[in-house]
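Just so you know, we're using full-length UniProt numbering here: the sequence shown kicks off at 1 and counts up by one. For reference, the structure is listed below as structure tokens.
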Amino acid sequence: MEKQIGLGIVGYGGFGEFTAQAYASMPQVRIVAITDVDAARRGSAAELYHARAYEDLTALLADPEVDIVAINTPPWLHASQAMAAAEAGKHIFLEKPLAVELDDADTLLVKLKERRVHLTIDYVLRHVPVYETLLKVTNSGLLGAVTYMRLENVASNEALHDQHWFWQRSRSGGIFIEHGVHFFDLCNQISGARPVHVSGAAHLGPNGRQDRVMAAVTYANGTLANFYHAFDRPAILEQTVLRVVLERGSIVVSGWIPDHLELEGTVPAEQRDQLESLLGVALTIRDIPAPVGITGATPGQLVQATLNRADRNADYVEAVTRGMADFVTQIQQPHYTPLVTLQDAYESFRLAFLAQRSIDDGCSLEIC
Ligand SMILES: NC(=O)c1ccc[n+]([C@@H]2O[C@H](COP(=O)([O-])OP(=O)(O)OC[C@H]3O[C@@H](n4cnc5c(N)ncnc54)[C@H](O)[C@@H]3O)[C@@H](O)[C@H]2O)c1
């Protein structure tokens, strides 16, 4: 077995705790160091994982056993902490977003190249089974090209008190940068093309905060997409639905970490086995009579499939470990192409940044 990679955890808040638990189960890595400005939190985490607690990032970066720095601090710290880690020659597993300012992301990319260190963003959605299946099906072309995507992500604000960094634009970047990046990245992959145009809008909630945002995006290959996010309701009303429309069908995926997929479309008989094997479930075939009143209309067969996952939380944990495992492979094998490339991280961040700028400037933006 390859040598265990040493992990240094930076920021042990809600998500830091969740991810550390997942990393602790991985044979490829070992948590060797932890820093958090909260002394009690870093102390108890260090005790739990038999790791060293450091007062600050500089001290953690001086630890020679730290190979990867896993940054789980709030967004406004990401770019500067990643810069410091790169300067110290450490690889970086960064929670989203890459940065909150585009200039900082550009500077960081230059530094990564100069210091020859790897960075990836923890886009967990890329590693959850339902989205993996969705991507396999859309990439296969069995239902034709993707023509349109619509995301509706309505989320809870119950844990987001007025003073939370989430509502401070200088600290979070706003909903698109803090959270929407996940879906921009995912839909960039589904469309298979570069976003070329974005137009955003927002609703102002209590204390002037933007609690609902939406963006219309056009891709270079003509795919159109709408993204809507709202943090305005109790947790029991949370709902996330991504609808992907293709030339010969549609796929609807539900859940933030999705546990349900429904597919409907037309596929020639000789390609149905291939579709079934991508989905991992049997297709249902329905005979549809020709629609009444349309001259020349033909009858046909619709294929339908439903996919359910039993344990959404287990899929979330698995996605975190798979993201880290992929990054470890990238570090150990010089020619390996990771699932989430630096280019993917940059493109999705830039789209989020420009969606927010479009809201702020009140105009649509071309993306060069
Ligand atoms: N990929 C995902 O699915 C996912 C899910 C949730 C959160 N996140 C991301 O994780 C990050 C953290 O989110 P959270 O909800 O855990 O936030 P949080 O506020 O609960 O935790 C942040 C932690 O960072 C610590 N911290 C602050 N400044 C620090 C510094 N200078 N050095 C070291 N530690 C410092 C805080 O004390 C706190 O413990 C955010 O970027 C968020 O977007 C990602």
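All C-beta atoms, glycine included, are put in the ideal place defined by N, C-alpha and C. Keep in mind that this is a model prediction, so the values were computed, not measured.
- Within the same chain, Ala220 come within 6 Å of Arg194 by CB-CB distance, once the 5 residues on both sides are set aside.
- Comparing alpha carbon positions, the residue from Ala86, Val245, Ala159 and Gly89 closest to Arg233 is Ala159.
- For Val292 and Cys187, the gap between their C-alpha atoms comes out near 36 Å.
- For Gln210, the enclosing beta strand (DSSP E) begins and ends at Gln210 to Tyr219.
- Separation of Val252 and Asp63 (C-alpha to C-alpha, rounded to the nearest whole angstrom) is 47 Å.
- Distances between the C-beta of Phe93 and the heavy atoms of ligand 1 are all 8 Å or more.
- Taking the C-beta atoms as reference points, Val110 is found no nearer than 9 Å to Gly89.
- In this structure, DSSP gives Met324 a helical state, which the three-state scheme calls helix.
- Under the three-state reduction of DSSP output, Met149 falls in the strand class.
- The segment 114-130 makes no contact with the segment 169-176: fewer than 3 CB pairs, one atom from each, lie closer than 8 Å.
- For Gly300, same chain residues with a beta-carbon under 7 Å away, outside a window of 5 residues either side, are Thr266 and Ile288 in chain order.
- The beta strand (DSSP E) runs lying completely inside the segment 251-316 and spanning 3 residues or more are 260-265, 284-288 and 300-308, given in chain order.
- Distances from the alpha-carbon of Ala305 to those of Asp315, Leu242, Thr133 and Leu151 put Thr133 closest.
- When DSSP states are grouped into helix, strand and coil, Ala352 belongs to the helix group.
- With fewer than 16 neighbouring CB atoms inside 10 Å of its own CB, Ala40 falls in the exposed class.
- Counting of Cβ neighbours within 10 angstroms places Arg286 among the exposed residues, the total staying below 16.
- Selection Thr58, Thr341 and Phe15 evaluated against Glu87 yields Thr58 as nearest (Cα-Cα).
- Straight-line spacing of the CA atoms in Ser25 and Ile31 works out to 10 Å.
- By DSSP's assignment, His197 forms a beta bridge with Thr218 and Glu366.
- Under a 10 Å Cβ-count criterion, Ser140 is classified as exposed, with fewer than 16 other Cβ atoms of the shown protein chains found around its own Cβ.
- The beta-carbon distance between Leu98 and His78, rounded to whole angstroms, is 7 Å. This is short enough to meet the 8 Å contact definition.
- Counting C-beta pairs closer than 8 Å gives three or more between the segment 147-158 and the segment 228-246, which meets the contact rule.
- The closest heavy atom of ligand 1 lies 8 Å or more from the beta carbon of Leu224.
- When beta bridges are read from the DSSP output, Arg233 appears opposite Ser156.
- Classified as buried, Glu178 has 16 or more neighbouring CB atoms from the shown chains inside 10 Å of its CB.
- Around His91, the same chain offers Ile68, Val117, His118 and Ile331 as residues with beta carbons nearer than 6 Å, after the five sequence neighbours per side are excluded.
- By the criterion of a C-beta distance shorter than 6 Å, Glu262 is surrounded in its chain by Val252 and Thr306, once the five residues flanking it on both sides are discounted.
- Distance from the CA of Phe93 to the CA of Lys136, rounded to the nearest whole angstrom, comes to 25 Å.
- In this structure, the straight-line span from the alpha carbon of Gln210 to that of His197 is close to 22 Å.
- The DSSP assignment places 57-61, 78-87 and 102-115 as complete runs of the alpha helix (DSSP H) inside the segment 46-120, in order along the chain (cut-off: 4 residues).
- Per the DSSP secondary-structure output, Val29 pairs in a beta bridge with Ile5.
- The continuous stretches of beta strand (DSSP E) do not include Leu125, and DSSP gives it neither H nor E.
- The beta carbon of Ile257 sits closer than 7 Å to the beta carbons of Val128, Arg312, Asp315 and Tyr316 from its chain, once the five residues preceding and following it are set aside; these are given in chain order.
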